[in-house]
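**Q**
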Amino acid sequence: MIKKILIANRGEIAIRVMRACREMGIASIAVYSEADKEALFVKYADEAFCIGPPPARASYLSIEKVIETAKENGADAIHPGYGFLAENPKLAKACEQEGIKFIGPSSRVLELMGDKITARREMIKAGVPVVPGTEECVLDPGRGGDLAKEIGYPVIIKPSGGGGGIGMTIVAHEEEFANALKSTQAIATTTFGLCDVYIEKYLPHPRHIEFQLLGDQKGNAIHLGERECSIQRRHQKLIEESPSPAVTPEMRAEMGAIAAKAARIVGYEGAGTMEFLFSDGKFYFLEVNARVQVEHPVTEMVTGVDIVKEQIRIASGLPLSVNQEDVRMNGWAMECRINAEDPLNDFSPSPGKLKGYHAPGGIGVRIDDGVYTNYTIPPYYDPMISKLIAWGRNRDEAISRIKRALYEYVIAGITTNISFHQAVMKNPRFVKGELDTGFIERETGLMDEIEEILKYEKSLDKKISCRPEDKMRVAAISAVAALTQMHSRGRTNP
Ligand code: ADP
Numbered sequence: 076m077i078k079k080i081l082i083a084n085r086g087e088i089a090i091r092v093m094r095a096c097r098e099m100g101i102a103s104i105a106v107y108s109e110a111d112k113e114a115l116f117v118k119y120a121d122e123a124f125c126i127g128p129p130p131a132r133a134s135y136l137s138i139e140k141v142i143e144t145a146k147e148n149g150a151d152a153i154h155p156g157y158g159f160l161a162e163n164p165k166l167a168k169a170c171e172q173e174g175i176k177f178i179g180p181s182s183r184v185l186e187l188m189g190d191k192i193t194a195r196r197e198m199i200k201a202g203v204p205v206v207p208g209t210e211e212c213v214l215d216p217g218r219g220g221d222l223a224k225e226i227g228y229p230v231i232i233k234p235s236g237g238g239g240g241i242g243m244t245i246v247a248h249e250e251e252f253a254n255a256l257k258s259t260q261a262i263a264t265t266t267f268g269l270c271d272v273y274i275e276k277y278l279p280h281p282r283h284i285e286f287q288l289l290g291d292q293k294g295n296a297i298h299l300g301e302r303e304c305s306i307q308r309r310h311q312k313l314i315e316e317s318p319s320p321a322v323t324p325e326m327r328a329e330m331g332a333i334a335a336k337a338a339r340i341v342g343y344e345g346a347g348t349m350e351f352l353f354s355d356g357k358f359y360f361l362e363v364n365a366r367v368q369v370e371h372p373v374t375e376m377v378t379g380v381d382i383v384k385e386q387i388r389i390a391s392g393l394p395l396s397v398n399q400e401d402v403r404m405n406g407w408a409m410e411c412r413i414n415a416e417d418p419l420n421d422f423s424p425s426p427g428k429l430k431g432y433h434a435p436g437g438i439g440v441r442i443d444d445g446v447y448t449n450y451t452i453p454p455y456y457d458p459m460i461s462k463l464i465a466w467g468r469n470r471d472e473a474i475s476r477i478k479r480a481l482y483e484y485v486i487a488g489i490t491t492n493i494s495f496h497q498a499v500m501k502n503p504r505f506v507k508g509e510l511d512t513g514f515i516e517r518e519t520g521l522m523d524e525i526e527e528i529l530k531y532e533k534s535l536d537k538k539i540s541c542r543p544e545d546k547m548r549v550a551a552i553s554a555v556a557a558l559t560q561m562h563s564r565g566r567t568n569p
């Protein structure tokens, strides 16, 4: 069994992994950049080492420093979290060479899945339905134009080494193709260091539905059902839930089995996600995320399986702790990503100091965060403050709990997207489960709703409203304000 894990990541996911370590009696090592000296994950770890300056490429992305710290301090495994080095075959390879266990798939599988063109080919071989598109890399505008015509407009051009929704270009007409190809290739080269791009049919109004997979070293692979992540801005997820309102038990069993079989065929080890677009009742493979995902807690809430513990068990050579037949989806879970960003200003990042922070609690609520009052969110990394997850016996109960929890949240000092989540939770189409990836763009009324919510919040701040139902909210805001003053007094006059 693994005894000591170095977590090559930061923020809430570093704490999430350390929590699993603590429950399993495993020691944890944090590595951090100079910008993260005061971060909670550094304090939570059993040991912590600074590995470089704030820019990620000099710290969190330095394979050399991560490996060196692991070796010097006796870590027998490295957990990469998500983002940064999580799907980097070079880190997995370096671990393989140094005799350190990489908690994730082998470097061979990471290479196969990291290149989206190769991943599409592998999935076609494994019998998984994919989005109609090219099986080859498209370099030349002439040949590309012919292929796009064959596929049928609109099409989407995507970087093969891409991620995070970056660089994808939708092309509606033939005349725009050559320019779009050129610009996607340029973005692909500068962002991912690889000019390879491919073409897919652009599906109108699909839902984004993905299956959680677990594969062990003994060749077993199972699925833990699906998550729906259709509420996105700039192709990035903001709200996720499990199960999906669009998936029946029969569809889950069928698609889950196809996904798990494909994982077995490629020799997948660890936790991973197979992403699909769902359109007109059909699933189309998008990509494999060969790591734990941001939204994994919603699956944990409905299945009761601790995905990070399974990752560590698998890396230790143990079999999966559950069989496919034992997996039950119980109730409904929903996650809101609480970001330091301004929904009224095109969701632009707004990092800064949290003058006050009070997270919700109570029945059915889970908070995965890594912040505290007076902590400053650094501008160098992604602006996520916390993940709010709520569970209910059914979707309606999950929604009313997440609404109640959003109401309890008090974050002072920076702009957050809490008002956006509140507006979505009130939206009649969202409540009915009528979701697709174009939701935010189409629901233009959301912005007016957000303005209303913010106006109301301001009135609470100034204690103008004295409706009895607002008493608790006003009390929470005052308590956080009092705490903030206490903290600042403490600092200036110890
Ligand atoms: P990335 O790896 O950059 O996140 P993905 O291929 O996973 O890119 O796609 C991210 C999102 O972009 C999807 O969830 C969906 O909203 C949109 N998208 C991607 N491909 C298509 C497509 N062929 N048709 C319609 N929407 C798409």
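Start counting the sequence shown at 76; every next residue gets the next number (the numbering used here).
Think of the CB as a built atom: it goes at the ideal place given N, C-alpha and C, for glycine as much as any other residue.
All values derive from a computational prediction rather than experimental measurement.
#1: Out of A346, L361, A261 and V341, point me to the one whose CA is closest to G283's CA.
#2: Once DSSP output is grouped into helix, strand and coil, what is the label at L463?
#3: Mapping the DSSP letters down to three states, classify Q292 as helix, strand or coil.
#4: In chain order, what residues of the same chain have a beta carbon less than 6 Å from the beta carbon of K191, not counting five sequence neighbours either side?
#5: What's the call for M547, buried or exposed, on a 16-neighbour Cβ count within 10 Å?
#6: Comparing alpha-carbon positions, which option in V367, P453 and M188 lies nearest I340?
#7: Is there at least one non-hydrogen atom of the ligand ADP closer than 6 Å to the beta-carbon of I231?
#8: Quick check: I262 and G242, are their CB atoms within less than 7 Å of each other?
#9: Starting from the Cα of S319, find the closest Cα among R476, Q307, V246 and T374 and give me that residue.
#10: Return the CA-CA distance between M376 and E303, expressed in angstroms with no decimal places.
#11: Indicate the three-state DSSP secondary structure (helix, strand or coil) for R94 in the structure shown.
#12: Who are the Cβ neighbours of L288 in its own chain at under 8 Å, not counting the five residues just before and after it?
#13: May I ask you to list the residues that DSSP assigns as paired with T244?
#14: Could you give the first and the last residue of the continuous alpha helix (DSSP H) run that contains M404?
#15: Just how far apart, CA to CA, sit K168 and G237?
#16: Which same chain residues end up closer than 6 Å to G565 when comparing Cβ atoms and leaving out the 5 residues on each side of it in sequence?
#17: Any heavy atom of the ligand ADP within a distance shorter than 6 Å of the CB on T512?
#18: Run through DSSP, which three-state label would P569 get?
#19: Give me, in chain order, the residues of the same chain whose beta-carbon lies closer than 6 Å to that of Q497; leave out the 5 immediate sequence neighbours on both sides.
#20: Between the stretch 210-225 and the stretch 248-267, do at least 3 Cβ pairs fall closer than 8 Å?
#21: Report the residue ranges of all alpha helix (DSSP H) runs contained in full by the stretch 337-387; include only those spanning at least 4 residues, in chain order.
#22: For K276, tell me which candidate among G227, T266 and P129 has the shortest Cα-Cα distance.
#23: Provide the residue(s) that pair with N414 in DSSP beta bridges, ordered along the chain.
#24: Leaving out the 5 sequence neighbours to the left and right, which residues in its chain are closer than 8 Å to G392 when beta-carbon positions are compared?
#25: Using only the heavy atoms of the ligand ADP, determine whether one of them is closer than 6 Å to the beta carbon of V367.
#26: With contact counted as at least three CB pairs below 8 Å, one residue from each stretch, are the stretch 89-104 and the stretch 143-150 in contact?
#27: Are the beta-carbon atoms belonging to I153 and L81 less than 7 Å from one another?
#28: With a threshold of 7 Å on Cβ separation, who are the neighbours of Y119 within its own chain once the five nearest residues in sequence on each side are excluded?
#29: Going by DSSP in three states, L535 sits in which element: helix, strand or coil?
#30: Measuring only the C-alpha atoms, how far is S563 from N420?
#31: In three-state terms, what does DSSP make of T448?
#32: Quick one: is the Cβ of H283 within less than 6 Å of any heavy atom of the ligand ADP?
#33: Exposed or buried, what is Q172 when buried is set at 16 or more other beta-carbons lying within 10 Å of its beta-carbon?
#34: Look at A114 and P129 and say whether their C-beta atoms are less than 7 Å apart.
#35: Could you tell me the distance, in whole angstroms, from the CA atom of V369 to the CA atom of L269?
#36: How long is the line joining the alpha carbons of F422 and R479, rounded to whole angstroms?
**A** Taking the definition as stated:
#1: If you number the sequence shown from 1, residue 283 lands on position 208. Before going on, a small fix: residue 283 reads as His here, not Gly. Answer by Cα proximity: L361.
#2: Position 388 of the sequence shown, counted from the first residue, corresponds to residue 463. Strand, per DSSP.
#3: Your numbering for residue 292 matches position 217 in the sequence shown. Coil.
#4: Taking the sequence shown and counting its residues from 1, one reaches residue 191 at position 116. These residues qualify, in order along the chain: S235 and E362.
#5: Looking up residue 547 in the sequence shown gives position 472. Its Cβ having fewer than 16 others within 10 Å, M547 is exposed.
#6: Within the sequence shown, residue 340 is the residue found at index 265, counting from 1. The residue with the shortest Cα to Cα distance from I340 is M188.
#7: Stepping through the sequence shown from its first residue, residue 231 is reached at position 156. Flag set: Cβ of I231 near the ligand ADP.
#8: Here residue 262 corresponds to residue number 187 of the sequence shown, with the count starting at 1. Here residue 242 corresponds to residue number 167 of the sequence shown, with the count starting at 1. Contact flag set, yes.
#9: For the purposes of this step, residue 319 is identified with residue 244 of the sequence shown, where counting begins at 1. With distances taken between Cα atoms, S319 lies closest to T374.
#10: Locating residue 376 in the sequence shown gives position 301, counting from the first residue. Locating residue 303 in the sequence shown gives position 228, counting from the first residue. Each residue's alpha carbon lies about 14 Å from the other.
#11: As a working note, residue 94 is residue 19 in the sequence shown. If DSSP states are grouped into helix, strand and coil, R94 belongs with the helices.
#12: For the purposes of this step, residue 288 is taken as residue 213 along the sequence shown, with counting starting at 1. Contacts found: A296, I297, H298, L299, A334, A335, A338, Y343, A346, G347, T348 and M349.
#13: The sequence position of residue 244 within the sequence shown is 169, counting from 1. T244 is bridged to I232.
#14: Working through the sequence shown from its first residue, we reach residue 404 at position 329. It is not in any alpha helix (DSSP H) - M404 carries neither H nor E in the DSSP assignment.
#15: Counted from its first residue, the sequence shown places residue 168 at position 93. Counted from its first residue, the sequence shown places residue 237 at position 162. Approximately 21 Å between the Cα atoms of the pair.
#16: The count along the sequence shown starts at 1 and reaches residue 565 at position 490. Note on G565: pLDDT 44, under 50, position unreliable in the model; the coordinate value appears next. Around G565: no qualifying Cβ.
#17: Counting from 1 along the sequence shown, the entry for residue 512 is found at position 437. It does: the Cβ of T512 is within 6 Å (strictly closer) of some heavy atom of the ligand ADP.
#18: One-based indexing of the sequence shown puts residue 569 at position 494. Low confidence applies here, because P569 scores a pLDDT of 27, under 50, leaving its location unreliable; read the following figure in that light. P569 falls in the coil class under three-state DSSP.
#19: As a working note, residue 497 is residue 422 in the sequence shown. Around Q497: L481 and I528.
#20: yes
#21: 371-378
#22: Start at 1 with the first residue of the sequence shown, and residue 276 comes out as number 201. Selected option, being the one with the closest Cα: G227.
#23: The sequence position of residue 414 within the sequence shown is 339, counting from 1. In the DSSP output, where bridge partners are listed per residue, N414 has M459.
#24: As a working mapping, residue 392 is identified with position 317 in the sequence shown. Result list for G392: Q292, in chain order.
#25: Translated into positions along the sequence shown, residue 367 becomes position 292. V367: no, Cβ never under 6 Å from the ligand ADP.
#26: yes
#27: Taking the first residue of the sequence shown as position 1, residue 153 is located at position 78. Taking the first residue of the sequence shown as position 1, residue 81 is located at position 6. For I153 and L81, yes; Cβs fall inside 7 Å.
#28: Indexing the sequence shown from 1 puts residue 119 at position 44. The answer, listed in chain order, is I90 and M93.
#29: The sequence position of residue 535 within the sequence shown is 460, counting from 1. Correct three-state label for L535: helix.
#30: Working through the sequence shown from its first residue, we reach residue 563 at position 488. Working through the sequence shown from its first residue, we reach residue 420 at position 345. Residue placement at S563 cannot be trusted, given a pLDDT of 49 that sits under 50; what the coordinates show is reported in the next sentence. S563 and N420: Cα-Cα distance of roughly 30 Å.
#31: Your numbering for residue 448 matches position 373 in the sequence shown. Here T448 sits in coil by DSSP.
#32: Translated into the one-based positions of the sequence shown, residue 283 becomes position 208. At least one heavy atom of the ligand ADP is nearer than 6 Å to the Cβ of H283, so yes.
#33: As a first step, residue 172 is located in the sequence shown; it is residue number 97 there, counting from the start. So Q172 ends up on the exposed side.
#34: As a working mapping, residue 114 is identified with position 39 in the sequence shown. As a working mapping, residue 129 is identified with position 54 in the sequence shown. Cβ atoms of A114 and P129: not closer than 7 Å.
#35: Walking along the sequence shown from the start, residue 369 turns up at place 294. Walking along the sequence shown from the start, residue 269 turns up at place 194. Looking at the two C-alpha atoms, the distance is approximately 26 Å.
#36: As a position in the sequence shown, residue 422 is number 347, starting the count at 1. As a position in the sequence shown, residue 479 is number 404, starting the count at 1. In a straight line, the C-alpha of F422 is about 23 Å away from that of R479.
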